[in-house]
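Below is one structure, written out as structure tokens; comments come after it.
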Amino acid sequence: MTDIRNLVQCVADAMGPDATPERIEAVAAAVLDAAKGEPRRANTPFASPDAGERAIVTAYGQDRPGILSAITNVVSDAGCNILDVSQKILQGYFTLIMLTDLTHMKGSLKDLQQNLSDVGVPRQVRTLVQHEDLFNAMHRP
Amino acid sequence: MQYDIREVIDTVQMLEVEHFDIRTITLGISLRDCCSRLPRTVQARVYDKIRRTAAHHVNVANEVESLYGVKITNKRISVTPAAMVNDGGSKDDFVALAQILDRAAQDVGVDYIAGFSALVEKGMTAGDEALIAALPEAMATTARVCASVNCGSTAAGINTDAVLMMAKTLKETARLTAEEESVGCTRIVSFCNAVGDNPFIAGAFHGPAEAEAAINVGVSGPGVILRAVREVGLDADFGTLADAIKRTAFKITRAGELIGHRCAERLSQRTGSPITFGVVDVSLAPTPAEGDSIAEILMAMGLEDVGAPGTTAALALLNESVKKGGLMAARYVGGLSGAFIPVAEDQAMIAAAEKGHITLDKLEAMTAICSVGLDMIAIPGDTPAETIAGVMMDEFAIGMINNKTTSVRIIPVHGKGVGEDADYGGLLGRAPIMPVSSLSNVPFTHRGGRIPAPTRSLTN
């Protein structure tokens, strides 16, 4: 509330003798609307066409039973939708890659990373959660 | 699967095994509006501006690091060459300013702040002279401040008075920091053709032509390139080898471009003022860590050790391929974008130097085409200032004639000689003391004045 009062004061000061309550209100409202808007992405590279918050969960380590379900549970419990899963097992080692939708994630990305680490570490499995932009940038020129 | 599992594994391998990281995110801050005739005012303004602009720098970098799972190894700050900010100041004023920069860096949580600098290729102002005079004490009384002096350029020639001053400055700095292996000298770089958007310390500064604030990114991945070179194998021809390096460089530069832009975006939002994204510097820079060595890449290309005939050609191919891949991957490529050959910071380079396989002469040759300069080289503490000046003049002549940046970061380790080394630990590594020619050059280096600019500076 103090911020809005300060804003109105600044606008009034800037207008000087031309200030009227209506004009001040109009300008302040415009400023607030602009501030609420999405950050301008026009000049940013890598805006993917179907913009949503998606991440790739990677897990790798020694093949153990139950690891896939453990990771799936953590991801689902965090409110993330699992879009695709791919798994490779080679000479007793496995790599798991999961494309997830973070749009309705409960908690923060750090929480998800920590929770995955909590199920991974005791199983000697390394887990990573990385925003898909990184893979788009590196492998999709 | 929208993503090929092999691509994901490729990226994860780079990050987890091959030490791929963003070497540095450097926030350049203009201090031009901090000028005043009163040194105390300058100091106050400088401190405030840095605190304000860089308040969220480290936090933002940590967030972006977490978002993409790519480590941002260093978060640093560079500023407008300090000589310009306090041009009327005395030597003591500049020492005080250095201490303010040090404190500001500490308070915003960065390990280095670079830009305690002067651009004197054509001549010196009183402020430039005062800053140079202040360097030894400034380095001895700060831990985070990095300094640089541009002594020459293709356009102006070489200011040999400045060169001799810098040589004497290094000796004095070495003496004042003798207790710590003359570590003060590791934070002073002398340049020819310095650039204003280099993100790497110790030579970074926020050029006078830059915007109010800018993020510049240094990407590096010697470990990743090493894997690519090894996969290509020893039977592949040079075209194939160059291509493999290029493709890998493209990928790592793309990561740098993404991460740099995100950092600039978020920092702008948090700070409330626009922070532009500047450049990606595609330099290949080693660290002392295992597998993070440039020398090892050169060896994997088919040389017994760095220093073998063919080393310069190998480095030329490596550097050019990295640049080509990098150029396609980023909108703006800048900074130094060369190969760093810091002797102390590269395990295989240290080993080669200790065996005498790599010498100052070979390192100088490499700077002629691709490396950025004679970097982190320890020499005997009793090396005369004139000899150091001569080494610098040679290096700057190379830069001036070839229209490239060359630099000298050399440490005359007080009280030590050939056969010993200076161990700085951490990122600065260990520098074996290398021999320097003992032939005299005293009349030459004392002539004074400016070596005129070369013909190639007349391009109109």
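Quick mapping for you: the protein sequence lines, in order, are chains A and B.
Residues in the first sequence are numbered consecutively from 168, following my numbering.
Residues in the second sequence are numbered consecutively from 1039, following my numbering.
Where a beta carbon is used, it is the ideal one built from N, C-alpha and C, also for glycine.
These numbers were taken from a predicted model, which means no experiment stands behind them.
### Message
I want to see whether chain A comes within less than 8 Å of GLU1295 (chain B), judged by CB atoms only; does it?
### Response
Along the second sequence, one-based indexing puts residue 1295 (chain B) at 257. Answer yes: the Cβ-Cβ gap between GLU1295 (chain B) and chain A drops below 8 Å somewhere.
### Query
DSSP three-state call for PHE1482 (chain B): helix, strand or coil?
One-based indexing of the second sequence puts residue 1482 (chain B) at position 444. Here PHE1482 (chain B) sits in helix by DSSP.
### Query
Is the beta carbon of MET1387 (chain B) sitting closer than 8 Å to the one on THR1224 (chain B)?
Your numbering for residue 1387 (chain B) matches position 349 in the second sequence. Your numbering for residue 1224 (chain B) matches position 186 in the second sequence. No.
### Query
Got a sec? Which residues, its chain only, sit under 7 Å from VAL198 (chain A) by beta carbon, not counting five neighbours each side?
Along the first sequence, read from residue 1 onward, the residue named residue 198 (chain A) stands at position 31. Excluding sequence neighbours, VAL198 (chain A) sits near LEU174.
### Task
State the CB to CB distance for the pair PHE1229 (chain B) and VAL1187 (chain B), rounded to an integer number of angstroms; the pair is presumed to be in contact (CB under 8 Å).
Within the second sequence, residue 1229 (chain B) is the residue found at index 191, counting from 1. Within the second sequence, residue 1187 (chain B) is the residue found at index 149, counting from 1. That pair is a contact at about 7 Å.
### Query
What is the rounded straight-line gap between the Cα of MET1404 (chain B) and the Cα of GLY1464 (chain B)?
The residue labelled residue 1404 (chain B) in the question sits at position 366 within the second sequence. The residue labelled residue 1464 (chain B) in the question sits at position 426 within the second sequence. Cα to Cα, MET1404 (chain B) sits roughly 25 Å from GLY1464 (chain B).
### Query
If you measure from the beta carbon of GLY1107 (chain B) to each beta carbon in chain A, is any gap under 8 Å?
Position 69 of the second sequence, counted from the first residue, corresponds to residue 1107 (chain B). Yes, GLY1107 (chain B) counts as interfacial toward chain A.
### Query
Which stretch, first to last residue, makes up the beta strand (DSSP E) that contains THR1497 (chain B)?
Within the second sequence, numbered from 1, the residue matching residue 1497 (chain B) stands at position 459. No beta strand (DSSP E) contains THR1497 (chain B), which DSSP labels as neither H nor E.
### Message
Under 8 Å, Cβ to Cβ, is there at least one residue of chain B near ASN173 (chain A)?
### Response
Position 6 of the first sequence, counted from the start, is the residue given in the question as residue 173 (chain A). Judged by the 8 Å Cβ criterion, ASN173 (chain A) is not in contact with chain B.
### Query
Name the chain A residues that come within less than 8 Å of LYS1289 (chain B), Cβ to Cβ?
The count along the second sequence starts at 1 and reaches residue 1289 (chain B) at position 251. Correct list: MET305, HIS306.
### Task
Spell out whether any CB of chain B is found under 8 Å from the CB atom of LEU257 (chain A).
For the purposes of this step, residue 257 (chain A) is taken as the residue at position 90 of the first sequence. For LEU257 (chain A), the answer is no, since every Cβ of chain B falls outside 8 Å of its Cβ.
### Query
Any Cβ of chain A within less than 8 Å of the Cβ of TYR1041 (chain B)?
Mapped onto the second sequence, residue 1041 (chain B) falls at position 3. Yes, TYR1041 (chain B) lies at the interface with chain A (some Cβ there is under 8 Å from its Cβ).
### Message
Using a Cβ-Cβ distance cut-off of 8 Å, determine whether LYS273 (chain A) contacts chain B.
### Response
As a first step, residue 273 (chain A) must be located in the first sequence, where it is residue number 106. Chain B, which has no Cβ nearer than 8 Å to the Cβ of LYS273 (chain A), makes this no.
### Message
Within a Cβ cutoff of 6 Å, which residues of the same chain sit near ARG1488 (chain B), ignoring the five residues on either side of it in sequence?
### Response
As a position in the second sequence, residue 1488 (chain B) is number 450, starting the count at 1. If we look at ARG1488 (chain B) and ignore the five residues flanking it on each side, its Cβ neighbours are GLY1195, ASN1197.
### Coil, strand or helix - ALA214 (chain A) by DSSP
Numbered from 1 along the first sequence, position 47 holds the residue referred to as residue 214 (chain A). Because the pLDDT of ALA214 (chain A) is 46, which lies under 50, any placement of that residue in the model is unreliable, and the number read from its coordinates should be weighed accordingly. Residue state, collapsed to three classes: coil.
### Task
Note down, in chain order, every chain B residue with its Cβ under 9 Å from the Cβ of ASP300 (chain A).
Reading the first sequence from its first residue, position 133 is the one you call residue 300 (chain A). The answer, in chain order, is LEU1105, TYR1106, LEU1296, ARG1300.
### Message
Output needed for LEU1264 (chain B): all residues of its chain with C-beta closer than 8 Å, excluding positions within five of it in sequence on either side, in chain order.
### Response
Here the question's residue 1264 (chain B) lines up with position 226 in the second sequence. If we look at LEU1264 (chain B) and ignore the five residues flanking it on each side, its Cβ neighbours are GLU1056, GLY1329, SER1331, GLU1334, ILE1335, ALA1338.
### Message
Strictly under 8 Å for the Cβ-Cβ distance: is SER215 (chain A) near chain B by that measure?
### Response
Here residue 215 (chain A) corresponds to residue number 48 of the first sequence, with the count starting at 1. A caution first: SER215 (chain A) carries a pLDDT of 41, below 50, which makes its placement in the model unreliable, though a value can still be read off. Not an interface residue.
### Task
Provide the residue span of the beta strand (DSSP E) that contains ASN1236 (chain B), from first to last.
Taking the first residue of the second sequence as position 1, residue 1236 (chain B) is located at position 198. Taken as a continuous stretch (DSSP letters only), ASN1236 (chain B) belongs to no beta strand (DSSP E), as it is neither H nor E.
### Member of B:PHE1288, B:TYR1150, B:HIS1395 whose CA lies at the smallest distance from the CA of ALA1240 (chain B)
Taking the first residue of the second sequence as position 1, residue 1240 (chain B) is located at position 202. Taking only the C-alpha atoms, the option nearest ALA1240 (chain B) is B:TYR1150.
### Query
By how many angstroms is the C-alpha of ALA1205 (chain B) removed from the C-alpha of VAL1133 (chain B)?
The residue given as residue 1133 (chain B) occupies position 95 in the second sequence. The residue given as residue 1205 (chain B) occupies position 167 in the second sequence. So the alpha carbons of these two residues sit roughly 19 Å apart.
### Query
Along chain B, in chain order, which residues have C-beta atoms closer than 9 Å to that of THR262 (chain A)?
In the first sequence, residue 262 (chain A) corresponds to position 95, counting from 1. Chain B residues near THR262 (chain A): ILE1043, VAL1046, ILE1047, VAL1050.
### Query
In whole angstroms, what separates the C-alpha of GLU1103 (chain B) from that of ARG1285 (chain B)?
Taking the second sequence and counting its residues from 1, the one referred to as residue 1103 (chain B) is at position 65. Taking the second sequence and counting its residues from 1, the one referred to as residue 1285 (chain B) is at position 247. Rounded to the nearest angstrom, the two C-alpha atoms are 23 Å apart.
### Of the listed residues A:PRO184, A:ILE171, A:ALA222, A:LEU295, nearest to TYR1041 (chain B) (C-alpha basis)
Here residue 1041 (chain B) is taken as the residue at index 3 of the second sequence, counted from 1. That would be A:ALA222, whose Cα lies nearest to the Cα of TYR1041 (chain B).
### Query
Any chance the segment 1205-1217 of chain B sits against the segment 1083-1100 of chain B, with 3 or more Cβ pairs inside 8 Å?
no
### Task
Determine which residues of the segment 267-291 of chain A have a Cβ less than 8 Å from any Cβ of chain B, and write them out in chain order.
LEU276, LYS277, GLN280
#### Entry: Contact check, PRO1312 (chain B) vs THR1118 (chain B), beta carbons under 8 Å
The residue you call residue 1312 (chain B) lines up with position 274 of the second sequence. The residue you call residue 1118 (chain B) lines up with position 80 of the second sequence. Against a cut-off of 8 Å, the Cβ pair of THR1118 (chain B) and PRO1312 (chain B) comes out as no contact.
### Query
So, helix, strand or coil for HIS313 (chain A), using DSSP?
Nothing can be reported for residue 313 (chain A): it is not among the residues displayed for chain A, which extend from 168 to 308.
### Message
Going by DSSP in three states, GLN254 (chain A) sits in which element: helix, strand or coil?
### Response
On the first sequence, position 87 is the one that residue 254 (chain A) refers to. Here GLN254 (chain A) sits in strand by DSSP.
### Query
Alpha carbon to alpha carbon, what distance is there between LEU1398 (chain B) and GLY1348 (chain B)?
Locating residue 1348 (chain B) in the second sequence gives position 310, where the first residue counts as 1. Locating residue 1398 (chain B) in the second sequence gives position 360, where the first residue counts as 1. So the alpha carbons of these two residues sit roughly 16 Å apart.
### Message
With a threshold of 8 Å, are at least 3 pairs of Cβ atoms found where one atom belongs to the segment 1288-1303 of chain B and the other to the segment 1426-1444 of chain B?
### Response
no
### Task
Classify LYS1362 (chain B) as helix, strand or coil using the three-state DSSP reduction.
Walking along the second sequence from the start, residue 1362 (chain B) turns up at place 324. Correct three-state label for LYS1362 (chain B): helix.
### Task
Note down, in chain order, every chain A residue with its Cβ under 8 Å from the Cβ of ARG1292 (chain B).
As a position in the second sequence, residue 1292 (chain B) is number 254, starting the count at 1. Result: ALA304, MET305, PRO308.
### Task
Decide if MET159 (chain A) is buried, meaning its Cβ has at least 16 other Cβ atoms within 10 Å, or exposed.
Past the edges of chain A, shown from 168 to 308, lies residue 159 (chain A), and the structure says nothing about it.
### Task
Taking THR225 (chain A) as the query, report the chain B residues whose CB atoms sit under 7 Å from its CB, ordered along the chain.
Here residue 225 (chain A) is taken as the residue at index 58 of the first sequence, counted from 1. Near THR225 (chain A) (Cβ distances below 7 Å), the residues of chain B are VAL1046, VAL1050.
### Message
According to DSSP, is GLN291 (chain A) part of a helix, a strand, or is it coil?
### Response
The residue given as residue 291 (chain A) occupies position 124 in the first sequence. The answer is coil: DSSP assigns GLN291 (chain A) none of H, G, I, E or B.
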